[in-house]
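A.B. asks: Structure provided below as structure tokens; questions to follow.
2 protein chains.
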Amino acid sequence: MATDEAGRPRVVVLGAGFGGMEAVRALARAPAEVILVDRRNHHLFQPLLYQVATAALSPAEIAWPIRHVFRREKNIRVVMARALSVDLAARRVKTTGGEVAYDQLIVATGAAHSYFGKPEWEAFAPGLKTLEDATAIRRRVLSAFEKAECAPVGEQARLLTFVIVGGGPTGVEMAGAVAELARDALKRDFRRIDPRFARVLLLEAGPRILPTFPEHLAAYAQRVLQAMQVEVRTGAKVIDCDANGVALEDGRIEAETLIWAAGVAASEVAAELPCEHDRAGRAKVTPDLSLPGHPEVFVIGDAAAVTDAKGAPVPGIAPAAKQQGKYVARVIRARLEGRSAPPPFRYRHAGDLATIGRSAAIVKFDRLTLKGFVGWVFWSIAHVYFLIGLRNRIVVALEWSWSWITRQRAARLIVAEGPPPSGL
Amino acid sequence: MATDEAGRPRVVVLGAGFGGMEAVRALARAPAEVILVDRRNHHLFQPLLYQVATAALSPAEIAWPIRHVFRREKNIRVVMARALSVDLAARRVKTTGGEVAYDQLIVATGAAHSYFGKPEWEAFAPGLKTLEDATAIRRRVLSAFEKAECAPVGEQARLLTFVIVGGGPTGVEMAGAVAELARDALKRDFRRIDPRFARVLLLEAGPRILPTFPEHLAAYAQRVLQAMQVEVRTGAKVIDCDANGVALEDGRIEAETLIWAAGVAASEVAAELPCEHDRAGRAKVTPDLSLPGHPEVFVIGDAAAVTDAKGAPVPGIAPAAKQQGKYVARVIRARLEGRSAPPPFRYRHAGDLATIGRSAAIVKFDRLTLKGFVGWVFWSIAHVYFLIGLRNRIVVALEWSWSWITRQRAARLIVAEGPPPSGL
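From first to last, the protein sequence lines are chains A and B. Residue 313 in our numbering sits at position 313 of the first sequence, and the numbers go up by one each step. Residue 164 in our numbering sits at position 164 of the second sequence, and the numbers go up by one each step.
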């Protein structure tokens with residue numbers, strides 16, 4: 001047993017995303033030592049990451065130091081280290097900060113981008129998962145305008161072409177935000193180019209954008225994007241990416257800036273667990289979200305392939321991860337306290353929402369569907385509400401009000417490029 | 001002549017610091033084409049950079065996109081490129097974005113750190129000039145606590161030792177801010193270490209800290225620092241820096257984190273101008289701030305060695321650079337408009353101010369001297385006032401109020417390391 005000095009069993013949680021944070025929160029004051037391992041020092045509110053990538057918000061406004069969140073919970077320890085692998089037999093996790101033994105383990109390591117077997121595309125078409133991704137995309141987008149201002153006329157069109165690959169919520173939000181940046185925030189700032197004529201394309205391989213939304217809302221979103229002069233192309237399958245653009249089955253698009261919002265794959269730690277996986281590398285779990293044959297190991301969030309009561313896959317969204325985190329904590333608490341196990345996990349789909357731009361969003365909650373300005377207000381309030389910390393809520397609400405009135409962007413910074421931190 | 005299509009002469013300004021920005025602002029609507037060249041896309045409010053380095057403010061709160069500031073001035077063009085060298089004979093500037101011809105040139109390229117002939121120290125003891133420097137120092141400071149939390153007990157003392165080299169205003173402000181971070185913001189967040197026992201040292205080679213301030217104010221600052229358990233050592237000359245600490249003439253200090261606030265040297269472009277320079281590489285200029293023998297080339301701010309009417313050197317501070325920028329713009333406007341030249345540059349010293357920490361600052365303005373809480377309020381209002389843009393003023397005022405009430409830091413992010421951008 002991996003008990004601590006007080007003889008309490010130890011629960012180790014890998015990953016401080018929505019699922020991991022919720023599980024740890026629900027284990028506060030449980031009769032166990034809880035160790036939360038994350039390679040970052042901050043929890044990130046990923047749904048607003050595209051706003052950092054498009055200069056609307058600053059990184060600190062959507063991130064919060066993990067250990068600060070749990071500072072008052074003395075049974076919770078936060079370790080900044082990268083989880084490397086899990087030894088199920090020995091009940092130990094290997095991390096960059098050493099080995100950690102566990103009695104119960106929650107794997108909540110999330111997902112990374114998937115380039116469908118072409119990892120070399122990442123250098124040309126970065127995705128959006130971390131703060132470093134977001135500031136890197138921000139640098140690329142803003143630098144494209146800077147380069148175009150100095151470039152010979154013949155090169156300006158390519159420099160001012162922005163291609164977003166993937167028509168899910170992230171792709172739609174990025175396309176809308178890039179278009180607004182060009183048409184509004186930057187419109188007066190250059191002398192040799194007119195940013196309003198920047199070309200923004202949204203490519204979706206499937207038959208329509210926003211496949212998880214009802215068709216009429218997706219069609220509305222497409223009309224709003226087109227009104228913002230975003231070229232929406234469905235059935236557009238990317239067959240190659242390089243430094244100068246993207247190749248489709250029916251032709252090439254020359255572009256300086258490519259952004260990847262198309263596919264995700266489970267993190268390595270989850271993909272390497274000795275169990276069945278789905279095509280995206282997510283671990284297939286039992287109805288109580290534990291690993292088959294290993295009731296002491298749970299996998300949740302984007303690391304897990306979970307199906308609901310009807311056999312449909314649970315979507316990889318924040319509310320689903322949070323419900324799973326809370327559920328797993330209940331299972332563990334029941335065990336710790338010698339109570340009987342709760343019934344199998346049941347996913348309750350609250351709804352879907354996506355914003356397209358200034359004053360336009362789509363919302364589908366049960367029988368409630370909203371769009372346009374009302375949807376956008378709902379979207380804004382919901383996102384501010386779910387941020388961690390009163391300070392972040394106030395600051396983000398202020399930043400949005402300011403941007404809405406002035407049509408400006410608060411964080412138009414081009415800062416240095418760099419690899420993610422190694423070691424820690 | 002480097003005239004544009006309208007036949008207007010061209011003024012090129014290198015550097016968008018305090019001096020360059022002020023010069024360009026004063027040349028708005030002048031009968032000339034003005035080209036402002038900077039390797040960054042933002043003007044940086046350097047006096048508050050230490051607050052980014054110590055997690056109190058976000059980068060975007062003290063930076064503003066240069067071209068946005070001048071968006072309405074059609075005679076002003078902003079070019080994001082690095083100035084490489086000046087060809088005085090051909091009246092051309094070489095930049096990473098190509099060559100630019102000029103009729104009048106203002107060199108306002110500022111200063112970099114000086115390691116007194118030991119550039120290899122920079123890797124161990126980074127200085128604080130750019131946003132990248134600030135986020136790099138923030139990462140090092142916050143990571144030191146993270147490492148200490150996981151380290152064997154014997155290594156914790158070294159990991160929790162922070163050495164700031166240089167007892168000028170920047171060093172004093174950094175020392176106070178690091179001490180506050182450890183003693184207040186982080187105090188509850190760790191389990192295996194107590195951040196309140198972190199050791200913070202301020203090393204000054206000279207006989208006292210804050211040599212530009214009256215002695216009684218410097219003594220007060222030292223007492224405040226000591227009350228915050230900062231060890232202030234004067235007469236402490238650094239003879240070596242490495243990855244594990246710093247060597248002084250009378251012994252060694254083992255420390256994970258070194259921060260350099262000791263010396264500056266003029267930027268390369270200024271240091272390579274064919275003229276006399278002072279020991280820091282600053283170009284010695286004539287009484288109208290032009291280069292001897294080149295009345296069409298001006299050097300201002302930290303790039304120039306300027307003496308006041310009494311022969312004393314003008315200090316390398318923001319108000320001095322701004323006065324010089326404004327003066328040089330007046331000289332150029334007089335030439336453009338065929339008026340007689342203004343009298344030689346005269347520096348008016350407004351005063352000195354430095355903050356030491358929560359509710360303590362020192363202010364010396366003419367006969368007015370302030371310290372303690374009153375000084376701190378004065379310091380805060382002055383700094384908010386001088387920020388560019390109403391939005392930044394509001395956000396910084398709010399951040400400070402919030403931090404003051406909660407004793408928390410808003411931007412405790414550890415994000416990736418990286419070299420400054422190349423090319424652009």
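Ideal placement from N, C-alpha and C gives every residue a C-beta, glycine not left out.
Could you check whether the Cβ of residue 415(B) sits closer than 8 Å to any Cβ belonging to chain A?
C.D. replies: Locating residue 415(B) in the second sequence gives position 415, counting from the first residue. It does: the Cβ of residue 415(B) has a partner Cβ on chain A nearer than 8 Å.
A.B. asks: Note down, in chain order, every chain B residue with its Cβ under 7 Å from the Cβ of residue 411(A).
C.D. replies: Within the first sequence, numbered from 1, the residue matching residue 411(A) stands at position 411. Ordered by position in chain B, the residues that pass the 7 Å Cβ test against residue 411(A) are 60.
A.B. asks: Name the chain A residues that come within less than 8 Å of residue 190(B), Cβ to Cβ?
C.D. replies: In the second sequence, the residue the question calls residue 190(B) occupies position 190. Near residue 190(B) (Cβ distances below 8 Å), the residues of chain A are 67.
A.B. asks: Since residue 33(B) contacts residue 71(B) with CB under 8 Å, what's their CB separation in whole angstroms?
C.D. replies: Counting from 1 along the second sequence, the entry for residue 33(B) is found at position 33. Counting from 1 along the second sequence, the entry for residue 71(B) is found at position 71. Actually they do not touch by this definition, with Cβ atoms about 16 Å apart.
A.B. asks: Return the CA-CA distance between residue 223(B) and residue 361(B), expressed in angstroms with no decimal places.
C.D. replies: On the second sequence, residue 223(B) is found 223 positions in, with the first residue counted as 1. On the second sequence, residue 361(B) is found 361 positions in, with the first residue counted as 1. If you take the alpha carbons of residue 223(B) and residue 361(B), they lie about 12 Å apart.
A.B. asks: Using a beta-carbon distance cut-off of less than 9 Å, what residues from the region 72-84 of chain B approach chain A?
C.D. replies: 72, 74, 76, 77, 78, 79, 80, 81
A.B. asks: Just the C-alpha distance for residue 16(A) and residue 233(A), rounded to the nearest angstrom, thanks.
C.D. replies: Position 16 of the first sequence, counting from 1, holds the residue named residue 16(A). Position 233 of the first sequence, counting from 1, holds the residue named residue 233(A). Distance between the alpha carbons of residue 16(A) and residue 233(A) is about 36 Å.
A.B. asks: Check each residue of the region 24-47 of chain A: if its Cβ is closer than 9 Å to any Cβ of chain B, include it; give the result in chain order.
C.D. replies: When C-beta distances to chain B are compared with 9 Å, the residues of the region 24-47 of chain A below that value are 40, 41, 42, in chain order.
A.B. asks: Can we say the region 160-171 of chain B touches the region 72-85 of chain B, given the rule of at least three CB pairs closer than 8 Å?
C.D. replies: no
A.B. asks: List the residues of chain B that residue 391(A) touches, going by C-beta distances under 7 Å, in chain order.
C.D. replies: Position 391 of the first sequence, counting from 1, holds the residue named residue 391(A). Neighbours of residue 391(A) on chain B, chain order: 402, 410.
A.B. asks: First and last residue of the beta strand (DSSP E) that includes residue 34(A)?
C.D. replies: The count along the first sequence starts at 1 and reaches residue 34(A) at position 34. Taken as a continuous stretch (DSSP letters only), the beta strand (DSSP E) holding residue 34(A) covers 33-38.
A.B. asks: Using a Cβ-Cβ distance under 8 Å, would residue 20(A) count as near chain B?
C.D. replies: In the first sequence, residue 20(A) corresponds to position 20, counting from 1. False, the Cβ-Cβ gap to chain B never drops below 8 Å.
A.B. asks: Under 8 Å between C-beta atoms, does residue 14(B) make it to chain A?
C.D. replies: Looking up residue 14(B) in the second sequence gives position 14. Not closer than 8 Å to any Cβ of chain A, the Cβ of residue 14(B) fails to qualify, so no.
A.B. asks: Take the Cβ of residue 189(B) as the centre, count every other Cβ of all protein chains shown within 10 Å, and call the residue buried at 16 or more, exposed below.
C.D. replies: Counting from one through the second sequence, the residue named residue 189(B) turns up at place 189. Its Cβ being crowded by 16 or more others within 10 Å, residue 189(B) is buried.
A.B. asks: Among 208(A), 263(A), 50(A), which residue has its Cα nearest to the Cα of residue 427(A)?
C.D. replies: No statement about residue 427(A) is possible, as the shown extent of chain A runs from 1 to 424 and does not include it.
A.B. asks: When you compare only the Cα positions, how much space is there between residue 13(A) and residue 414(A)?
C.D. replies: Your numbering for residue 13(A) matches position 13 in the first sequence. Your numbering for residue 414(A) matches position 414 in the first sequence. Going from the Cα of residue 13(A) to the Cα of residue 414(A) covers about 35 Å.
A.B. asks: Do you know offhand how far residue 59(B)'s Cα is from residue 311(A)'s?
C.D. replies: To locate residue 59(B), count along the second sequence from 1; it is residue 59. To locate residue 311(A), count along the first sequence from 1; it is residue 311. The alpha-carbon atoms of residue 59(B) and residue 311(A) are separated by roughly 47 Å.
A.B. asks: So, using beta-carbon positions, are residue 53(B) and residue 106(B) closer together than 8 Å?
C.D. replies: Locating residue 53(B) in the second sequence gives position 53, where the first residue counts as 1. Locating residue 106(B) in the second sequence gives position 106, where the first residue counts as 1. No.
A.B. asks: Considering residue 406(B), what are the terminal residues of the alpha helix (DSSP H) in which it resides?
C.D. replies: Within the second sequence, numbered from 1, the residue matching residue 406(B) stands at position 406. Here the alpha helix (DSSP H) through residue 406(B) covers 390-406.
A.B. asks: For residue 260(A), does the count of other Cβ atoms within 10 angstroms reach 16, so buried, or fall short, so exposed?
C.D. replies: As a position in the first sequence, residue 260(A) is number 260, starting the count at 1. Under this definition residue 260(A) is a buried residue.
A.B. asks: Taking CB distances under 8 Å as the criterion, tell me whether residue 424(A) reaches chain B.
C.D. replies: As a first step, residue 424(A) is located in the first sequence; it is residue number 424 there, counting from the start. With a pLDDT of 31 at residue 424(A), under the threshold of 50, the predicted position of this residue should be treated as unreliable, and no value is reported.
A.B. asks: With 16 as the cutoff for other CB atoms within 10 Å, does residue 385(A) come out buried or exposed?
C.D. replies: For the purposes of this step, residue 385(A) is taken as the residue at position 385 of the first sequence. Residue 385(A) should be labelled exposed.
A.B. asks: Could you give the C-beta distance for residue 221(B) and residue 198(B), rounded to a whole number, given that I count them as a contact under 8 Å?
C.D. replies: To locate residue 221(B), count along the second sequence from 1; it is residue 221. To locate residue 198(B), count along the second sequence from 1; it is residue 198. In fact, because the Cβ distance is near 20 Å, the residues do not count as touching under 8 Å.
A.B. asks: Which residue from 115(B), 389(B), 400(B), 367(B) puts its Cα closest to that of residue 376(B)?
C.D. replies: Translated into the one-based positions of the second sequence, residue 376(B) becomes position 376. Of 115(B), 389(B), 400(B), 367(B), the residue nearest in Cα terms is 400(B).
A.B. asks: Quick one: is residue 416(A) buried, meaning 16 or more other Cβ sit within 10 Å of its Cβ, or exposed?
C.D. replies: Here residue 416(A) corresponds to residue number 416 of the first sequence, with the count starting at 1. Result: buried.
A.B. asks: Taking 8 Å as the cut-off, decide whether the C-beta atoms of residue 229(B) and residue 179(B) are in contact.
C.D. replies: Numbered from its first residue, the second sequence carries residue 229(B) at position 229. Numbered from its first residue, the second sequence carries residue 179(B) at position 179. Yes, these two residues count as a Cβ contact at 8 Å.
A.B. asks: Which residues mark the beginning and the end of the alpha helix (DSSP H) in which residue 267(A) is found?
C.D. replies: By one-based count along the first sequence, residue 267(A) stands at place 267. First-last for residue 267(A): undefined, no H or E at that position.
A.B. asks: If you draw a straight line from the C-alpha of residue 420(A) to the C-alpha of residue 297(B), how long is it?
C.D. replies: As a working note, residue 420(A) is residue 420 in the first sequence. As a working note, residue 297(B) is residue 297 in the second sequence. Any answer about residue 420(A) is weak, because its pLDDT of 34 lies below 50 and its placement is not dependable; what the coordinates show is given next. So the alpha carbons of these two residues sit roughly 43 Å apart.
A.B. asks: Determine the burial state of residue 407(B): buried for a count of at least 16 other Cβ atoms within 10 Å of its Cβ, exposed for fewer.
C.D. replies: Counted from its first residue, the second sequence places residue 407(B) at position 407. Exposed, since its Cβ has fewer than 16 Cβ neighbours within 10 Å.
A.B. asks: Taking DSSP as the reference, what is the three-state secondary structure of residue 386(A)?
C.D. replies: On the first sequence, residue 386(A) is found 386 positions in, with the first residue counted as 1. Note: residue 386(A) maps to helix in three-state DSSP.
A.B. asks: Between the Cα of residue 427(B) and those of 152(B), 43(B), 285(B), 355(B), spot the shortest distance and give me the residue it belongs to.
C.D. replies: Because chain B here runs from 1 to 424, residue 427(B) falls outside it and cannot be looked at.
A.B. asks: Name the residue from 62(B), 366(B), 145(B) whose alpha carbon lies nearest to the alpha carbon of residue 18(B).
C.D. replies: Translated into positions along the second sequence, residue 18(B) becomes position 18. It is 62(B) whose Cα lies nearest to the Cα of residue 18(B).
A.B. asks: Hey, is residue 142(B)'s beta-carbon within less than 8 Å of any beta-carbon in chain A?
C.D. replies: Counting from 1 along the second sequence, the entry for residue 142(B) is found at position 142. So yes, residue 142(B) belongs to the interface.
A.B. asks: Residues of the region 119-139 of chain B with a CB closer than 8 Å to any CB of chain A: list them in chain order, please.
C.D. replies: Answer set for the region 119-139 of chain B: 131, 132, 135, 139.
A.B. asks: Would a check of beta-carbon distances place residue 63(A) closer than 8 Å to chain B?
C.D. replies: Locating residue 63(A) in the first sequence gives position 63, where the first residue counts as 1. Yes, residue 63(A) lies at the interface with chain B (some Cβ there is under 8 Å from its Cβ).
A.B. asks: Which whole-angstrom value describes the C-beta separation of residue 347(B) and residue 308(B), a residue pair presumed to lie in contact below a C-beta threshold of 8 Å?
C.D. replies: Counted from its first residue, the second sequence places residue 347(B) at position 347. Counted from its first residue, the second sequence places residue 308(B) at position 308. Indeed, because the Cβ distance is near 5 Å, the residues count as touching under 8 Å.
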